[in-house]
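Undergrad: One structure coming up, written as C-alpha cells, with questions to follow.
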Amino acid sequence: MAHTPEQNFDRTPPNEAECAVARSRGAEVITVENLTKSFQGVNALNGVTLDVEAGTVLGVVGPSGAGKSTLARCVALLERPDSGAIRVDGTDITALDGSALRAARRQIGVVPQGDSLLRQRTAAGNIALPLESAGVPGPQRRSRVGELLDLVGLTDKAAAYPDQLSGGQRQRIAVARALAANPSVLLADEPTSALDPETTGSVLTVLDRARAELGVTVLVVTHDMGVVRKICDDVAVLEQGRVVEHGKVLDLVSDAGSRTSSALLPAVDLNPINESSYDRVADVVLVGFAAVGALLPEAAHRFGVELNIVGGGLTRLGETPVARFRLGLNGERSDSALEWIGEAGGAVQRSLKGPQGVAA
Ligand SMILES: Nc1ncnc2c1ncn2[C@@H]1O[C@H](COP(=O)(O)OP(=O)(O)OP(=O)(O)O)[C@@H](O)[C@H]1O
Numbered sequence: 002m003a004h005t006p007e008q009n010f011d012r013t014p015p016n017e018a019e020c021a022v023a024r025s026r027g028a029e030v031i032t033v034e035n036l037t038k039s040f041q042g043v044n045a046l047n048g049v050t051l052d053v054e055a056g057t058v059l060g061v062v063g064p065s066g067a068g069k070s071t072l073a074r075c076v077a078l079l080e081r082p083d084s085g086a087i088r089v090d091g092t093d094i095t096a097l098d099g100s101a102l103r104a105a106r107r108q109i110g111v112v113p114q115g116d117s118l119l120r121q122r123t124a125a126g127n128i129a130l131p132l133e134s135a136g137v138p139g140p141q142r143r144s145r146v147g148e149l150l151d152l153v154g155l156t157d158k159a160a161a162y163p164d165q166l167s168g169g170q171r172q173r174i175a176v177a178r179a180l181a182a183n184p185s186v187l188l189a190d191e192p193t194s195a196l197d198p199e200t201t202g203s204v205l206t207v208l209d210r211a212r213a214e215l216g217v218t219v220l221v222v223t224h225d226m227g228v229v230r231k232i233c234d235d236v237a238v239l240e241q242g243r244v245v246e247h248g249k250v251l252d253l254v255s256d257a258g259s260r261t262s263s264a265l266l267p268a269v270d271l272n273p274i275n276e277s278s279y280d281r282v283a284d285v286v287l288v289g290f291a292a293v294g295a296l297l298p299e300a301a302h303r304f305g306v307e308l309n310i311v312g313g314g315l316t317r318l319g320e321t322p323v324a325r326f327r328l329g330l331n332g333e334r335s336d337s338a339l340e341w342i343g344e345a346g347g348a349v350q351r352s353l354k355g356p357q358g359v360a361a
C-alpha cells in the first residue's frame with residue numbers, strides 16, 4: 002500500500018470508531034510465515050510464523066539471543082530473511098525492490114535500539130528528518146512536527162537538542178520521528194532498556210497513544226515482561242529462533258501452563274496447613290472487573306458453600322484487573338460451585354484437593 006508523501010501527510014488519523022472497526026475486523030496487518038535467517042551458520046530465526054492484527058500492540062519477548070531483534074529487523078526490511086514471507090497489508094515485502102521497497106519501508110516506522118537521535122539537530126529537526134527525505138513541503142512539515150510533539154507530550158522541547166533532553170524524552174522524540182511519515186506499523190526495539198521505571202512509563206504511554214489515537218499497529222521487542230503487562234494486547238515468546246508461545250495476553254494468562262501466566266500473574270504460595278481445613282482446594286484465574294468483583298461471592302451464594310481465598314492475589318494487565326486466587330471450599334456442593342465458576346468465565350486451573358478434572 003504505497004502512499005505519496007502528501008497522501009501520507011494528509012491522511013487524517015482514524016477516529017476511535019474507525020480504529021474499533023479495524024480491530025473488530027481483526028485484519029492481520031503483518032503476517033510472518035516460516036521465516037528463517039542465519040548468520041555464519043548460526044540460526045537466528047528457525048521458522049518463525051506469527052500474525053499481528055491491525056491496531057494492536059504485540060510484545061516480542063524471549064531470552065537474549067532468541068532472535069527478537071533479527072525478527073524486528075527483517076520486518077523493518079533492514080535485514081533480508083533467508084526464506085519465508087513477511088506480508089504487510091497483504092504484500093510480501095521480502096519480494097520487493099526499488100521504489101516498491103522504498104514505499105513499503107515508509108509503511109513501517111522504526112524506533113531503533115539505543116540512542117538514535119542526531120545530536121546536531123533539535124527535537125523538532127529530528128522529527129522533521131523523514132518528512133524532509135520524503136519531500137514534504139515546509140508548512141506541512143512544520144504542522145506535522147507540531148502534531149507529533151503534542152502526541153508525545155514534548156511541545157515545549159521543540160528547540161531542545163538531544164543532549165538537553167532526558168533519556169526518556171529522547172526516546173519519545175525517536176517515537177515521534179518514527180511516526181512522522183504516518184506509517185501503518187510502528188516497530189520499537191527495546192524502547193525502554195536502560196530507562197528507570199518512571200521514564201519507562203512515559204515512553205510506554207506514548208506507544209499506547211500511537212495505537213489508540215493514530216490506529217498504528219505496534220510491534221515492541223523487549224526483554225521486560227512489564228512492557229507486556231502495561232501495553233501489549235498480544236505476546237509472542239521466542240526461544241532459539243522459534244515462537245514457543247503466541248496469543249492474546251488475556252487468553253494466555255488463563256492457561257496455567259503458559260509462560261505468560263507464570264510471568265504476569267501473582268504467585269500462589271503453597272500453604273498445606275491452611276489448605277488442609279478445606280474439602281476442596283483449586284486455583285482460579287478471573288479476568289475483568291465483573292469476574293473479579295462478583296463471581297466468587299455469587300458462586301458461594303448459589304451453591305451454599307463456604308468459599309475462601311487462601312492464596313494468590315490481584316494484578317492489572319493494561320486496564321484490566323486479573324486475579325489468580327487459590328480457593329478453599331467447604332460444603333457438599335463445592336464441586337458444583339467450581340464447575341459453575343468455570344462456566345461463568347473463570348478459568349479453574351486445577352483441583353488440588355478432591356476429584357481431578359474440574360478444569361473449565
Ligand atoms: N549481524 C549479525 N551477525 C552475526 N550474528 C548475528 C547478527 N545478528 C544476530 N546474530 C546472532 O543471531 C542470534 C539472535 O540474535 P538477536 O539479536 O536477534 O537476538 P535477541 O533475542 O534480540 O537478543 P538480545 O535480547 O540479546 O538483543 C544470536 O545468536 C546473535 O548472536
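First residue of the sequence shown? That's 2 in the working numbering, and the numbers climb one at a time after it. Backbone N, C-alpha and C fix where the C-beta goes; we use that ideal spot for every residue, glycine too.
#1: Alpha carbon to alpha carbon, how far is A45 from D256?
#2: Please report the residue range of the alpha helix (DSSP H) in which G168 lies.
#3: CA-CA distance, E133 and N183?
#4: Tell me, please, whether the segment 151 to 160 touches the segment 186 to 195 by the rule of three or more beta-carbon pairs shorter than 8 angstroms.
#5: Which residue wins for smallest C-alpha separation from V323, given the options R303, A301, P298 and V293?
#6: Could you tell me the boundaries of the beta strand (DSSP E) in which E320 lies?
#7: In whole angstroms, what separates the C-alpha of R171 from that of V217?
#8: Please determine whether the Cβ atom of H224 lies at a distance below 7 angstroms from any heavy atom of ligand 1.
#9: For the segment 67 to 117, which segments carrying the alpha helix (DSSP H) assignment without a break, of at least 4 residues, lie completely within its bounds, in sequence order?
#10: What residues match up with S39 in a beta bridge as DSSP calls it?
#11: Going by DSSP, what residue range makes up the beta strand (DSSP E) through G242?
#12: Any heavy atom of ligand 1 closer than 7 angstroms to the CB of V43?
#13: Here's the rule I'm using: 16 or more other beta-carbon atoms within 10 Å means buried, otherwise exposed. How should L149 be labelled?
#14: Might you give, ordered along the chain, the residues of its own chain that have their beta carbon closer than 6 angstroms to the beta carbon of R26, omitting 5 neighbours on each side?
#15: May I ask you to report which of helix, strand or coil DSSP gives V306?
#16: Within the present structure, is the beta-carbon of S70 separated from the nearest heavy atom of ligand 1 by less than 7 angstroms?
#17: Can you find the residues in the same chain that come closer than 8 angstroms, C-beta to C-beta, to L130, ignoring five residues on each side of it along the sequence?
#18: Within a Cβ cutoff of 7 angstroms, which residues of the same chain sit near G126, ignoring the five residues on either side of it in sequence?
#19: Within 10 angstroms of its Cβ, does D235 collect 16 or more other Cβ (buried), or is it exposed?
#20: Would the beta-carbon of G329 be found less than 7 angstroms away from any heavy atom of ligand 1?
#21: Can you tell me which of the three DSSP states G126 falls into?
#22: Is S65 close to ligand 1? I mean its beta-carbon at under 7 angstroms from any heavy atom of the ligand.
#23: Three or more C-beta pairs under 8 angstroms: does that hold for the segment 301 to 320 against the segment 258 to 277?
#24: Would you mind reading off the limits of the beta strand (DSSP E) that contains G60?
#25: Taking the alpha helix (DSSP H) that T201 falls in, what are its first and last residues?
#26: Would you check whether ligand 3 has a heavy atom nearer than 7 angstroms to the C-beta of F290?
#27: Taking the alpha-carbon of R260 as reference, which of A283, D284, V229 and V288 has the nearest alpha-carbon?
#28: Using only the alpha-carbon positions, how far apart do T193 and S335 sit?
#29: Comparing C-alpha positions only, which one of D151, P64 and V288 sits nearest to H224?
#30: Between P298 and E276, what straight-line distance do the alpha-carbon atoms span, to the nearest angstrom?
TA: Quick look at the numbers:
#1: 28 angstroms
#2: G168 to L180
#3: 14 angstroms
#4: no
#5: V293
#6: No beta strand (DSSP E) holds E320; DSSP gives it neither H nor E.
#7: 21 angstroms
#8: yes
#9: 69 to 76 and 99 to 107
#10: N44
#11: First-last for G242: undefined, no H or E at that position.
#12: yes
#13: buried
#14: In this prediction, R26 scores a pLDDT of 39, lower than 50, which makes its location untrustworthy; the coordinate-derived value is nonetheless stated afterwards. Nothing listed; no residue qualifies.
#15: coil
#16: yes
#17: L119, R122, R178 and A181
#18: none
#19: buried
#20: no
#21: helix
#22: yes
#23: yes
#24: V58 to V62
#25: P198 to L215
#26: Ligand 3 is not part of the structure shown, which contains ligand 1 as its ligands.
#27: V229
#28: 46 angstroms
#29: P64
#30: 19 angstroms
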